[in-house]
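Below: one structure, written as structure tokens.
There are 2 protein chains.
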Amino acid sequence: MEDSLRLVIAGGLTIVSMTSSEPTPQDGAQPRRRDARQNRERLIVEARTLIAQNGVDASLEEIARRADVGVATLYRNFPTRDDLVRALYDIALAELATVRDEIAAAPTAWAGIELYMERVAEWLVADPALPHILKRMEVIDPGSGKGTEFQAVIAGLVARAKKDGALRADVDAVDLAVLVTMVGSLGTHGGGHTGQWRRQLAIVLDGLRLPATDRPRLPGRPLAAREFQAAVHGVTRRAKRAASGRAAGSGA
Amino acid sequence: MEDSLRLVIAGGLTIVSMTSSEPTPQDGAQPRRRDARQNRERLIVEARTLIAQNGVDASLEEIARRADVGVATLYRNFPTRDDLVRALYDIALAELATVRDEIAAAPTAWAGIELYMERVAEWLVADPALPHILKRMEVIDPGSGKGTEFQAVIAGLVARAKKDGALRADVDAVDLAVLVTMVGSLGTHGGGHTGQWRRQLAIVLDGLRLPATDRPRLPGRPLAAREFQAAVHGVTRRAKRAASGRAAGSGA
DNA sequence: GGCGACGTGGAGGATTCCCTCCGACTCGTC
DNA sequence: GACGAGTCGGAGGGAATCCTCCACGTCGCC
Chain A
105 MEDSLRLVIA GGLTIVSMTS SEPTPQDGAQ PRRRDARQNR ERLIVEARTL IAQNGVDASL
165 EEIARRADVG VATLYRNFPT RDDLVRALYD IALAELATVR DEIAAAPTAW AGIELYMERV
225 AEWLVADPAL PHILKRMEVI DPGSGKGTEF QAVIAGLVAR AKKDGALRAD VDAVDLAVLV
285 TMVGSLGTHG GGHTGQWRRQ LAIVLDGLRL PATDRPRLPG RPLAAREFQA AVHGVTRRAK
345 RAASGRAAGS GA
Chain B
105 MEDSLRLVIA GGLTIVSMTS SEPTPQDGAQ PRRRDARQNR ERLIVEARTL IAQNGVDASL
165 EEIARRADVG VATLYRNFPT RDDLVRALYD IALAELATVR DEIAAAPTAW AGIELYMERV
225 AEWLVADPAL PHILKRMEVI DPGSGKGTEF QAVIAGLVAR AKKDGALRAD VDAVDLAVLV
285 TMVGSLGTHG GGHTGQWRRQ LAIVLDGLRL PATDRPRLPG RPLAAREFQA AVHGVTRRAK
345 RAASGRAAGS GA
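In the order they appear, the protein sequences are chains A and B. Per our numbering, the first sequence starts with residue 105, numbered consecutively. Per our numbering, the second sequence starts with residue 105, numbered consecutively.
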């Protein structure tokens, strides 16, 4: 990983940004034959879907089945379940890599903070498999959060925003990380109403902003109670197990 | 369920508050013999623990094993996995029942809102099995959110708080529910640093409060980066599977 | 203390999943 | 078109899990 840049969002999320645009040529990750690469792609897609639904322990056989490949193909590409998780992690990370540049280009420190919060929340919300993957990564590879480059950037942003009088003085970069994780968790609970999290993020930002009176209008509209119910409890189309219909019926 | 009171937090969370202090005497839930009741208790405790760790799909045999009972005992008490989930749900709900009275006793509408947010968030954070249980409940029993009594209470609170000029005008009761769910999710990610969520809740409340300048000090202290990392990715003491040590080593 | 009903534990068949091994197939090249 | 290396798919042993059934143990009442 010589040509990778290790970044960290407040110590929790490690970002690997490639200098070349090629997807990780090392690691034996890139099979040569065309069909092999396509199979790998399909495996990754299905893995992400299934992990989003069933967690990191999703059945590997099922993933292979849905990707229309044999189990052996899966094991050849990802000898261990953790290798699969790592692959998904790296892909997600690559998607996030551009955020750093956007932040650097922000006109003010506060704008940078807004951008940081929004982009990272967006990233978290976009992929419902991400929480499972991140959680697992922390178990697999606990030391990966060591590089604190990105965190340093955010910390600098925080300091400048405070000096500008744009950010309340009693929070720090880690608080922001916690907040963005929190907002991002709204995606976990079922992506249904896209963009609803922006309302909540706006409220959070209003809780951080100075002067406190300077509030923009909330984006979007509030959810109806029914929509909230559907959104919070990820109502996926397929019940987790086929045999779920019986039992208890009219009960409580 | 004649003597139960069905309440709803913004359509998502149903509260059952018993008028008598006895735990659900109907439903065949209460075995007569002492040892039987103790076994049931122990099953519930272990089930909660294991579901918190492994999700709703936690092994039933393992639950029985840890509770030091045979599998049959588990199945006798909870013929279906969903019956077990329902039992855990009812118990958690009972713990929440007092919140309504507290809210009613609040001196101002805003105080009621603060209380609502704090108590419900606390409830969510306290039990790491809860998110799994709630999610599953929504699949099992989608109609249970019908009673909107509690939601009506909150909606009334919101209206009064707005009239008092204590709550910003562009949010509604559902927004509050989303926010409290969001804050509560901080517990999901590993309960480690108890009370950290109060900081984030305070920030959220500041984003809601009017006049906007009236901010109390944030409770607690910010997390160190290392602590955040540990807290967000639920670093439980035991890896999910025993065989997790090998693979990938120094790699990325 | 004894009896009966209630409750218990664990064996066991069916299913699913993990992971490996090997014969068959396909891509890319000559 | 043919060849070979690379790739594929599925069979199959082992383990875990689900859930049922039935002989045995224990509680509580008499």
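For glycine and all other residues, C-beta sits at the position ideal for the given N, C-alpha and C.
When DSSP assignments are scanned along the segment 255-310 of chain B, the uninterrupted stretches of alpha helix (DSSP H) that are 4 or more residues long and fall wholly within it turn out to be 277-292. Looking only at 214(A), 209(A), 148(A) and 224(A), the smallest Cα-Cα distance to residue 284(A) is reached by 224(A). For residue 140(A), the enclosing alpha helix (DSSP H) has its first and last residue at 138-158. Within the segment 302-322 of chain B, contact with chain A at the beta-carbon level (separation under 9 Å) is assigned to 303, 304, 306, 307, 308, 309, 310, 311, 312, 313, 315, 316, 317, 318, 319, 321 and 322. Look at residue 240(A) here: in three-state DSSP terms it is helix.
By the 16-neighbour rule on beta-carbons within 10 angstroms, residue 212(B) is exposed.
Under the three-state reduction of DSSP output, residue 190(A) falls in the helix class. In the displayed model, residue 313(B) falls within a strand according to three-state DSSP. Within the model, the alpha-carbon separation for residue 244(A) versus residue 279(A) is close to 25 Å. Judged by their CB atoms, residue 290(A) and residue 229(A) are nearer to each other than the 8 Å cut-off. When the five nearest sequence neighbours on each side are left out, the beta carbons in the same chain lying within less than 6 Å of the beta carbon of residue 308(A) are those of 283, in order along the chain. When CB distances to chain B are screened at a threshold of 9 Å, the residues of the segment 258-279 of chain A falling below it are 272, 274, 275, 276, 277, 278 and 279, in chain order.
Secondary structure at residue 173(A): coil, using DSSP grouped into helix, strand and coil.
Residue 145(B) is classed as exposed because its beta carbon has fewer than 16 other beta carbons within 10 Å across all chains shown. Identification of residues in the segment 208-226 of chain B having a C-beta nearer than 9 Å to some C-beta of chain A yields an empty set. Ranked by Cα distance from residue 158(B), the options 242(B), 259(B) and 235(B) are led by 235(B). Residue 267(B) is classed as exposed because its beta carbon has fewer than 16 other beta carbons within 10 Å across all chains shown. Close to chain A, meaning a Cβ-Cβ distance shorter than 7 Å, is no residue of the segment 168-180 of chain B at all. When rounded, the separation of the alpha-carbon atoms in residue 216(B) and residue 323(A) is 26 Å.
In the three-state scheme derived from DSSP, where H, G and I count as helix and E and B as strand, residue 322(A) is classed as coil. DSSP, reduced to helix, strand and coil, places residue 327(B) outside both helices and strands of the structure shown, so it counts as coil. Residues of the segment 143-164 of chain B with a Cβ closer than 9 Å to any Cβ of chain A, in chain order: 158, 159, 160 and 161.
Relative to the Cα of residue 184(B), the nearest Cα in the group 199(B), 202(B), 201(B) and 160(B) belongs to 160(B). Under the Cβ distance rule, residue 282(A) counts among the residues neighbouring chain B, one pair being separated by less than 8 Å. Residue 240(B) and residue 198(B) have their alpha carbons spaced roughly 18 Å apart. For residue 200(B), no chain A residue has a C-beta closer than 9 Å to its own C-beta; the minimum C-beta separation is roughly 16 Å.
According to the DSSP assignment, residue 161(A) belongs to no alpha helix (DSSP H), since it is labelled neither H nor E. For residue 182(B), the CB contacts under 6 Å within the same chain, skipping 5 residues up- and downstream, are 188 in chain order.
Contact check for residue 165(B) and residue 175(B): beta-carbon distance about 6 Å, within the 8 Å limit, so the pair qualifies.
Under the 8 Å criterion on CB atoms, residue 326(B) is classed as interfacial with respect to chain A. When secondary structure is reduced to three states using DSSP, residue 202(B) falls in the coil class, being assigned neither helix nor strand. The beta carbon of residue 143(A) is closer than 6 Å to those of 173 and 177 in its chain, skipping five residues each way along the sequence. Assignment of residue 183(A) by DSSP, reduced to helix, strand and coil, places it in the coil class.
Using a Cβ distance threshold of 8 Å, residue 155(A) and residue 233(A) count as a contacting pair. Around the beta carbon of residue 299(A), a 10 Å sphere encloses fewer than 16 other beta carbons of the protein chains shown; the residue is thus reported as exposed.
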